[in-house]
Amino acid sequence: MNQCNTLKVFLVLMFTCISCAIAQNSSLIHGTIIQDGTKARVERVEVRNYRSGQLTYSNKLGLFDLNCKIGDTLQFERIGYLPQKVAVKAFSNFVIYLRITNQLKEVAITGQSVSQTFKEASRAISKERGIFYEGKPPLALLSPFGGRPLTFFYELLSKDGRRVRRLNQLAANAAEAEEIDRHFNDLIIQQVVPIDSANLEAFKLRYTPKLIDLRKWSGYERSSYIKRSFEEYHKK
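If you want the numbering used here, it's the position in the sequence shown, counting the first as 1, plus 14.
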């Protein structure tokens, strides 16, 4: 009987040690997703861990967190961008650069912002495919008195209508990222605190404020936030 109890205790300890070892081999990684060739953050990017099947999405600042192990493969996918696979080689901050699809590359982007690029692509498709309400038709089109129900359902349900809505959303996201960058960029940060270029991306990854805060802050309040965040960054 004592031998049975001893065996049970041994097995419990063994499985506990194995569980601890497995847990220690995984860690929560942090990442930033940026449109290649720009500073625009990309939100709603699907980030999937092939090994565990765990799934998450980047937020409005292009940031994501995901539990991973060394050797895991992460898949990044977002409509309008080329999918990308990245192997986890270290538990450090990730910076992923997604390239736009060929369809968007057909729109000339020289001398214009990312948000303008998406807007032009949306206007070009709308003109070519007969999308008059940006893929969001008003309910008045369903009226039996002078309405246009075929137009309503075409814009709401067709592939072209969905494509225009996606491009307009991408334009809005890019415009927000561009406005954030105007108030919280490398130059502004380095004018306030002595941070080197090698740490800038990691610092912005953790401490980029929300646009609603940047809009209401004065220059002094923004500088105070950068200083407080820099002190916290150094402590960690």
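Even for Gly, the Cβ is constructed at its ideal location relative to N, Cα and C.
- The beta carbon of Phe217 lies closer than 8 Å to those of Ile203, Ile209, Ser243, Phe244 and Tyr247 in the same chain, with the five residues before and after it left out.
- Less than 7 Å separates the beta-carbon of Val61 from that of Thr70.
- In the structure shown, the three-state DSSP call for Asn73 is coil.
- If you draw a straight line from the Cα of Asn107 to the Cα of Leu181, it comes to about 29 Å.
- CA-to-CA, the gap between Ser41 and Pro158 works out to about 59 Å.
- Between the beta-carbon of Ser232 and that of Ala188 there is about 26 Å, and that puts the pair past the 8 Å contact cut.
- Taking the Cα of Leu214 as reference, the smallest distance to any Cα among Tyr95, Phe198, Arg229 and Leu228 is reached at Phe198.
- In this structure, the alpha-carbon of Ile114 lies about 27 Å from that of Asn81.
- In the three-state reduction of the DSSP assignment, Ile93 falls in the coil class, being assigned neither a helical nor a strand state.
- Val109 is the residue among Phe105, Ala135, Leu225 and Val109 whose C-alpha sits nearest the C-alpha of Phe90.
- Taken through DSSP and simplified to helix, strand or coil, Tyr111 comes out as strand.
- Comparing alpha carbon positions, the residue from Phe167, Gly160 and Leu156 closest to Gly144 is Phe167.
- Between Lys230 and Lys224, the alpha-carbon positions lie close to 11 Å from each other.
- Contact between Gly76 and Ile43 does not hold, since the beta-carbon distance rounds to 15 Å and is not under 8 Å.
- Annotated as proximal: Gly161 and Leu155, with beta-carbon spacing under 7 Å.
- The alpha-carbon of Glu190 is positioned some 10 Å away from that of Ile226.
- Counting along the chain, Val128 sits inside no beta strand (DSSP E); it lies in the alpha helix (DSSP H) bounded by residues Val128 to Arg143.
- The bridge partners DSSP lists for Thr87 are Ala101.
- According to the DSSP assignment, Leu42 belongs to no alpha helix (DSSP H) but to the beta strand (DSSP E) extending over Ser40 to Gln49.
- Minimum Cα-Cα distance from Asn73 among the listed residues Arg179, Lys83, Gly51 and Glu57 corresponds to Glu57.
- In this structure, the CA atom of Arg179 is about 38 Å from the CA atom of Ile84.
- When DSSP states are grouped into helix, strand and coil, Phe198 belongs to the coil group.
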